[in-house]
Amino acid sequence: MNAWGAGRKVYIDIKDTGEGINKKDLEQIFDPFFTTKEPGKGTGLGLFIVKQIVERNGGSIRVESEPGKGTTFSLEFQASQEKKDDTHEKPQDTINR
Ligand SMILES: Nc1ncnc2c1ncn2[C@@H]1O[C@H](COP(=O)(O)OP(=O)(O)OP(=O)(O)O)[C@@H](O)[C@H]1O
Ligand SMILES: [Mg+2]
């Protein structure tokens, strides 16, 4: 995983060296209930939910993959304009946001 900021953007890359994802599956991985796992093993909701969370926070997610080599998910967010004093931040402020 790699995270960095540039200008008012925040970037997070999550990379693996797994089996990769073929082109046809790649188009569907963010769809609800799309899974390549055996019946009863995966819900196919993992990435769908990730995408929803990212987008509801004003971000975007994209994926690049090479079968046999691995996969990279790239997240991009807008940095907050707010200047916060973290030391005095109450947990409730976050919950009731
Ligand atoms: N890092 C990855 N490497 C290879 N394939 C992946 C990767 N992440 C997701 N996929 C593919 O995308 C599909 C959908 O992923 P998603 O997380 O939405 O559901 P799932 O993992 O199948 O089920 P669940 O999240 O409930 O365990 C997976 O079934 C798999 O085919
Ligand atoms: Mg999953």
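Take 964 as the starting number for the sequence shown in my numbering and just add one per residue. For each residue, glycine too, the CB sits at the ideal point set by N, CA and C.
{"Query": "Can you tell which of 985, 967, 964, 968 has its C-alpha closest to the C-alpha of residue 1032?", "Result": "985"}
{"Query": "Is residue 1038 close to ligand 1? I mean its beta-carbon at under 8 angstroms from any heavy atom of the ligand.", "Result": "no"}
{"Query": "Kindly provide the ranges of any alpha helix (DSSP H) runs that are 4 or more residues long and lie completely inside the region 992 to 1021, ordered along the chain.", "Result": "1009 to 1019"}
{"Query": "In whole angstroms, what is the alpha-carbon distance linking residue 1061 and residue 971?", "Result": "Lying outside 964 to 1060, the shown extent of the chain, residue 1061 is not represented and no answer is given."}
{"Query": "I want to check one thing, is the minimum distance from the CB of residue 984 to the heavy atoms of ligand 3 below 8 angstroms?", "Result": "The ligand content of the structure shown is limited to ligand 1 and ligand 2, which means ligand 3 is not among them."}
{"Query": "Compare the Cα-Cα distances from residue 1034 to each of 966, 981, 974 and report the closest residue.", "Result": "981"}
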